[in-house]
Amino acid sequence: MIKTTDVYLLKLLDNNDDLSDSKKETLLYLWNIDFDKSLNKLFENRLISKSNEPKFTLPKLKIPEIKEILRKHSLKLSGNKSTLIERLLEEVTPSELKKDVSLFVYKPTKQGCQIIDEKKNIIFIIENHLLNGMPANVSLSVIESFASKNNINDPVELYVRFGDSVISEMYNTNDLWAPMGVAASISNFLIKQHNYELSLYYAVLSVYISLNNFVFNPYTNDLVGPFEASLIQRSCDLTEAPNNTIEKIADVIIEKFPLKNVDMLSEEKVKQAILAYAYKDTFKIEQLNKRYQRDPSPSNFMFTESDISDETINQNDVSMYQAETPQTDDHESSIENIPVDYGNTSCVNQKSLTITYILCIFLGIFGAHRYYVGKIPSAVVMTLITLLTFGFGVFVTVIWEIIDLFLIPSWIDEI
24 MIKTTDVYLL KLLDNNDDLS DSKKETLLYL WNIDFDKSLN KLFENRLISK SNEPKFTLPK
84 LKIPEIKEIL RKHSLKLSGN KSTLIERLLE EVTPSELKKD VSLFVYKPTK QGCQIIDEKK
144 NIIFIIENHL LNGMPANVSL SVIESFASKN NINDPVELYV RFGDSVISEM YNTNDLWAPM
204 GVAASISNFL IKQHNYELSL YYAVLSVYIS LNNFVFNPYT NDLVGPFEAS LIQRSCDLTE
264 APNNTIEKIA DVIIEKFPLK NVDMLSEEKV KQAILAYAYK DTFKIEQLNK RYQRDPSPSN
324 FMFTESDISD ETINQNDVSM YQAETPQTDD HESSIENIPV DYGNTSCVNQ KSLTITYILC
384 IFLGIFGAHR YYVGKIPSAV VMTLITLLTF GFGVFVTVIW EIIDLFLIPS WIDEI
């Protein structure tokens, strides 16, 4: 039985693509296409045949090999590869060229070309790597079945409509990452297809789902992902859409995909957020991130809202408020509640003790050396030096402990 991936290999052969070893490894890795097995299967079903036609075999040769054939037939050697091949095809008969080129290529038969035409939509999906943005359980056979059921012949329409069905189905589940990724992938694809109006719709949809995902998923830290934000900004720039257009798109989306948590995000707040990201209003985006934030504690991901006011924040109001705020000379209000971590002084204490003990060890070694060479006449004196050395270390340790416990905290409190 012929699989869709086998038909994709048939299309590559029809395009006369260079199927090098690295290309074959890529096919095996991405699409599980075993070149030799697929090739045999295509032969068995009479979808390909061997051809030694010069128009197919000459492009497989390197330029020095082509020039050698040109010299043999006393033809000019100037020009690029395509010019040299065209000169050979015009000046030398096919029968002569077949003798000069002992190569053959695989080409689709008439039946193979018909299958390529029938599977063009799926081949388009493969060639443009459009499955990358789909959930893991989506396969080519699923897309092919969807196309057949809905009688879709255009590959762009197939991808958009299938993606839209995936979004509608998965939005009602607990996993909003998948529909958000699909909407962003469709928007990015449509930009490449220069369909900017429809791209804007899916860009707005991806931002809308991202906002809902933030409210619905306690493990999400960003209101809108960077990829989704860049897509809506780019689509908005390409379409030059005014505010009311984006608001109308948002209304359509909200009606089709109801808000996940109306207590946290109202329709008006969602529209304000979408407009802020669409027009890259940095100030409003910063205010949104401050307004909706999560508890940074790793054991508590509860959603907190520092400002639940529906009023929009005006930058002029903020600057006026800052100007009217009274400033005191000692700035006591700005630091009175800052906690002081006295434990940080322990690193100073540890360093000082390390230096002290190294010094004690050095003095002990020095005293032992002096005694060994006879510079210290008595063992009693040596014992006294040892006791004094370690006594000095204990004394310094006690002094540092007193400073660490009593003096350093009092100095910090006075600052």
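The numbers in the sequence shown follow our numbering, run straight up by one, and end at 438.
Note that beta-carbon positions come from the ideal geometry of N, C-alpha and C, so glycine has one too.
Secondary structure of residue i, DSSP reduced to three states
{"i": "Tyr225", "result": "helix"}
{"i": "Leu35", "result": "helix"}
{"i": "Tyr194", "result": "coil"}
{"i": "Tyr302", "result": "coil"}
{"i": "Lys83", "result": "helix"}
{"i": "Pro158", "result": "coil"}
{"i": "Lys142", "result": "coil"}
{"i": "Asn211", "result": "helix"}
{"i": "Lys242", "result": "In the sequence as presented, Lys is not what sits at residue 242; that position holds Tyr. Tyr242: coil per DSSP, three-state reduction."}
{"i": "Leu42", "result": "coil"}
{"i": "Glu109", "result": "helix"}
{"i": "Asn266", "result": "helix"}
{"i": "Lys307", "result": "helix"}
{"i": "Gln216", "result": "coil"}
{"i": "Leu100", "result": "coil"}
{"i": "Thr49", "result": "helix"}
{"i": "Ser58", "result": "Note that residue 58 is Phe in the sequence shown here, rather than Ser. If DSSP states are grouped into helix, strand and coil, Phe58 belongs with the helices."}
{"i": "Asn176", "result": "coil"}
{"i": "Phe147", "result": "helix"}
{"i": "Phe415", "result": "helix"}
{"i": "Leu199", "result": "coil"}
{"i": "Ser289", "result": "coil"}
{"i": "Asn4", "result": "Outside the shown range of the chain (24 to 438) lies residue 4, about which nothing can therefore be said."}
Contacting residues, own chain, Cβ-Cβ under 7 Å from residue i (five flanking each side not counted)
{"i": "Gln134", "result": "Arg69, Leu70"}
{"i": "Asp40", "result": "none"}
{"i": "Thr264", "result": "The question names Thr, but residue 264 is Ala in the sequence shown. Around Ala264: Leu223."}
{"i": "Asn211", "result": "Leu254"}
{"i": "Glu114", "result": "His96, Leu98"}
{"i": "Lys303", "result": "Gln256"}
Strand pairing of residue i, partner residues [DSSP]
{"i": "Leu129", "result": "Rather than Leu, the amino acid found at residue 129 in this sequence is Tyr. Partner(s): Lys73."}
Rounded distance between the beta-carbons of residue j and residue i, thought under 8 Å
{"i": "Thr27", "j": "Glu167", "result": "6 Å"}
{"i": "Leu93", "j": "Leu100", "result": "6 Å"}
{"i": "Ile272", "j": "Leu223", "result": "7 Å"}
{"i": "Thr80", "j": "Val128", "result": "6 Å"}
{"i": "Val161", "j": "Val189", "result": "7 Å"}
{"i": "Lys142", "j": "Ser72", "result": "Lys142 to Ser72, Cβ: 19 Å. No contact."}
{"i": "Leu199", "j": "Asn235", "result": "6 Å"}
{"i": "Ile86", "j": "Leu107", "result": "7 Å"}
{"i": "Ile148", "j": "Leu163", "result": "7 Å"}
Cα-Cα separation, residue i to residue j
{"i": "Lys307", "j": "Pro249", "result": "16 Å"}
{"i": "Ile388", "j": "Phe418", "result": "20 Å"}
{"i": "Lys90", "j": "Lys121", "result": "16 Å"}
{"i": "Phe66", "j": "Ala159", "result": "32 Å"}
{"i": "Leu33", "j": "Ala226", "result": "35 Å"}
{"i": "Asn267", "j": "Ser191", "result": "25 Å"}
{"i": "Leu282", "j": "Leu288", "result": "8 Å"}
{"i": "Asp245", "j": "Gln295", "result": "16 Å"}
{"i": "Pro117", "j": "Glu109", "result": "12 Å"}
{"i": "Met193", "j": "Gly204", "result": "11 Å"}
{"i": "Pro77", "j": "Tyr219", "result": "44 Å"}
{"i": "Trp54", "j": "Asp44", "result": "15 Å"}
{"i": "Phe239", "j": "Leu221", "result": "27 Å"}
{"i": "Asp59", "j": "Asp29", "result": "11 Å"}
{"i": "Ile269", "j": "Asn284", "result": "22 Å"}
{"i": "Cys259", "j": "Asp123", "result": "58 Å"}
{"i": "Leu112", "j": "Ile25", "result": "36 Å"}
{"i": "His217", "j": "Glu88", "result": "42 Å"}
{"i": "Asn176", "j": "Asn155", "result": "22 Å"}
Same chain, Cβ closer than 8 Å to residue i, neighbours up to 5 away in sequence not counted
{"i": "Cys136", "result": "Asp37"}
{"i": "Asp57", "result": "Leu51"}
{"i": "Gly102", "result": "Arg110"}
Cβ neighbours of residue i in the same chain (closer than 6 Å, five flanking residues each side left out)
{"i": "Tyr182", "result": "Leu153"}
{"i": "Val230", "result": "Val247, Glu251, Ile255, Ile297, Tyr300"}
{"i": "Leu126", "result": "Thr80, Lys83"}
{"i": "Asn75", "result": "Lys121, Phe127"}
{"i": "Asn144", "result": "Ala170, Pro178, Leu181"}
{"i": "Phe280", "result": "Tyr194"}
{"i": "Leu228", "result": "Ala206, Ile276"}
{"i": "Pro202", "result": "Ile190, Met193, Tyr194, Ile232"}
Neighbour flag for residue i against chain D, beta carbons, 8 Å
{"i": "Phe385", "result": "The chain inventory of the structure shown lacks chain D, comprising one protein chain alone."}
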